[in-house]
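One structure below.
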Amino acid sequence: MLRLYNTLTRREEEFAPSQDKLVRMYACGPTVYARAHIGNFRTFVCVDVLRRTLKYLGGYTVREAVNYTDVDDKTITGAQQAGVPLRDYTEEWIRAFRADSEQLGLEPPEETPRATDEANMRAMGELIAALNRNGHTYVRGGSTYFKISTLPDYGKLARLDHEGMKSGVSVDVDEYTKGDVRDFVLWKASKADEPTWDVGAGPGRPGWHLECSAMALRLLGEPPIDLHAGGIDLIFPHHENEIAQSEGATRHPFSRFWMHVEHLFVENEKMSKSLGNMYTVPDITARGHRASALRYLLLSTHYRKQMNFTWAGMEQAEESLRRIVDFLARLDMVTSDESSASTSAAIEQARTAFRDAMFSDLNTAAALAVIFDLVRDLNAAIDARTIGRPDVGAARRAIDEFDCVLGVIALRRAEDAQPPVPVEEIERLIGERKAARQRRDFAAADGIRHALAERGILLEDNPGGTRWKRK
Ligand code: AMP
Ligand code: ZN
């Protein structure tokens, strides 16, 4: 059975869903005001590994919601600066997020709600109404606030000290620190130039925390849901406030388990725009790295440990993945029909050890070590000719089983089937090169050919035109 660290209890606990074989889980999705960076994707990859572990090792059906935060302080400012309507502005970042998620092999969640979807806005209005009825709110200046002193266990997730809490003093921004534990805003009164909704709490727009509570409760059924996940920075105030809203409104526990992923750092520094060390998935692939290797890297450190991204680490991830792929190719050369008892025992042992590692709070580092031990042992068996075709079948099945959970080899195979540069881009560049030659700008034409060659695409000029092929 899966043992999972629960932030709520600060202990590892046995995880089983409350409803038979169905796991109902929610993960806070991206705030869609910019392209998500690889730190964000560390969290999403780890949540994907949890999802796959539940499905493929646990045998559960998963119903997962991952939202798009498409209205908050940051998205509104972004849309205003870009001079486009909020929903159009966020749509662009949602598309980018979907593209990057696909490249990283994230399984699509069952639900991907946008906060501004009409049904979600309505659910937020209903949540505020329930909080009003239960006496948890007050209105000031047209905005509705959650009064934290009305909920005696406010602060249980973040383990807040009640001494420092300032009830009656309100905070309007979506993000604040533990030093500012105050009554937080549920619904913000309309300001000029800001998008406005009216769902029963006066004209205005939701606070960030309200959105997730409303979407989780609307989409995942009766509380408590089984599991709620996010990056470690969300424990306070975001998740603490999600608990306050949901439990204040429903009078039931909100989520049984809370899973938090530690942060990704870059070359030992916090990732930030000002340091210029914030990378996106396209930044990584533009440097010639595979998204599969990035996924490998992001899941290779245990999710509760801080992780440091380095380019050297990226190279190692490529190399590790190559070792597995080379080993799979080597298996093809086995011709003996005789299976070996020790080899098939090693494969069975690896299957058990892999499952044990993943069930031990998703110990991906140990699970990968199991794979590499098996690769080493079977490579030795190939050299010693103590492996036969039945073992090869069993080895492939075992690696496939591991990869259902880790999702790196299938991703790499899909990449291999694709040209390294999108076909439309190659064709556009061939057109540009042709135009450059026609105006006798041979330097530009050669530049295009070299740039493509560096990215693994060779151009061949024939009487009928230019054709391309992979290096
Ligand atoms: P945001 O778009 O800022 O709401 O963040 C989306 C997710 O990424 C949240 O679960 C964050 O906690 C998580 N996150 C943000 N920065 C990092 C980081 N450096 N490492 C890992 N996860 C992060
Ligand atoms: Zn959330």
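Taking my numbering, I'd label the letters of the sequence shown as residues 744 to 1214. The C-beta atom is built at its ideal place from N, Cα and C for all residues, glycine as well.
Every alpha helix (DSSP H) of 4 residues or more that sits fully in the region 969-995 is shown, in chain order, as 983-993. Listed as beta-bridge partners of E755 by DSSP are Y748. For the pair R1155 and V1024, the Cα-to-Cα distance works out to about 15 Å. Beta bridge pairing from DSSP links N1205 with G1208. The C-beta distance from L793 to W1001 rounds to 12 Å, too long to fall under 8 Å, and the pair is not in contact. Secondary structure at S1087: helix, using DSSP grouped into helix, strand and coil. Unbroken beta strand (DSSP E) stretches of 3 residues or longer found wholly inside the region 758-830: 765-770 and 804-809, given in chain order. Contact check between the region 815-834 and the region 969-983: fewer than three CB pairs, one atom from each, fall below 8 Å, which does not count as touching.
Distance from the Cα of P1133 is smallest, within the candidate group F1115, H1003 and L1074, for L1074. Closer than 7 Å to some heavy atom of the ligand AMP: that describes the Cβ of T786.
Annotation: the continuous alpha helix (DSSP H) that includes D1134 extends over R1132 to L1149. In its chain, beyond the 5 residues on either side, P966 have a beta carbon closer than 6 Å to the beta carbon of T993. About 5 Å separates the beta carbon of L1042 from that of V788, a gap short enough to meet the 8 Å contact definition. From the listed residues A1123, I1067 and I1125, the smallest Cα separation to A1112 is found for I1067. When C-beta atoms of the region 1005-1017 are compared with those of the region 912-929, fewer than three pairs fall below 8 Å, so the two segments do not count as touching.
In this structure, DSSP gives L929 an extended state, which the three-state scheme calls strand. Contact between V924 and L903 holds: their C-beta atoms lie close to 6 Å from each other, under 8 Å. Across the set F758, D926 and G943, the C-alpha of D926 shows the shortest separation from the C-alpha of Q988. The criterion of a C-beta distance shorter than 8 Å is satisfied by A858 and V814. Note on L1064: 16 or more other CB atoms within 10 angstroms of its CB, so buried under the neighbour-count rule. Here the region 1032-1042 does not lie against the region 808-824, with fewer than 3 beta-carbon pairs under 8 Å apart.
For G868, there is no enclosing beta strand (DSSP E); the enclosing alpha helix (DSSP H) covers residues E861 to R876.
Taking the CA atoms as reference points, Y799 sits about 7 Å from C1147. Per DSSP, the unbroken alpha helix (DSSP H) holding V1113 starts and ends at T1107 to A1127. Within its own chain, the residues whose Cβ lies closer than 7 Å to the Cβ of G878, once the five positions on either side in sequence are excluded, are T893, listed in chain order. Ordered along the chain, residues surrounding the ligand ZN are C771 and C955 [Cβ under 5 Å from any heavy atom]. Non-local beta-carbon contacts of K890 in its own chain, meaning distances under 7 Å to residues more than five positions away in sequence, involve H879, T880, Y881, S910 and D926 in chain order.
In this chain, the beta strand (DSSP E) harbouring G947 covers G947 to P949.
The closest CA to that of A822, considering only E937, D1080 and F1052, is found on E937. At least 8 Å separates the beta-carbon of L1149 from that of I1169. In chain order, A1137, A1138 and A1141 place their CB closer than 6 Å to the CB of I1090, counting only its own chain and leaving out the 5 sequence neighbours on each side. If the five residues before and after R961 are omitted, its C-beta is found closer than 6 Å to the C-beta atoms of A866, all from its own chain and listed in chain order. Nearest neighbour of R778 by Cα position, chosen from R754, W930 and F840, turns out to be F840. Rounded to whole angstroms, A1108 and A1100 show a C-alpha spacing of 8 Å. In the displayed model, L1007 falls within a strand according to three-state DSSP.
Looking at the backbone, the Cα of G1056 and that of E835 are separated by about 31 Å.
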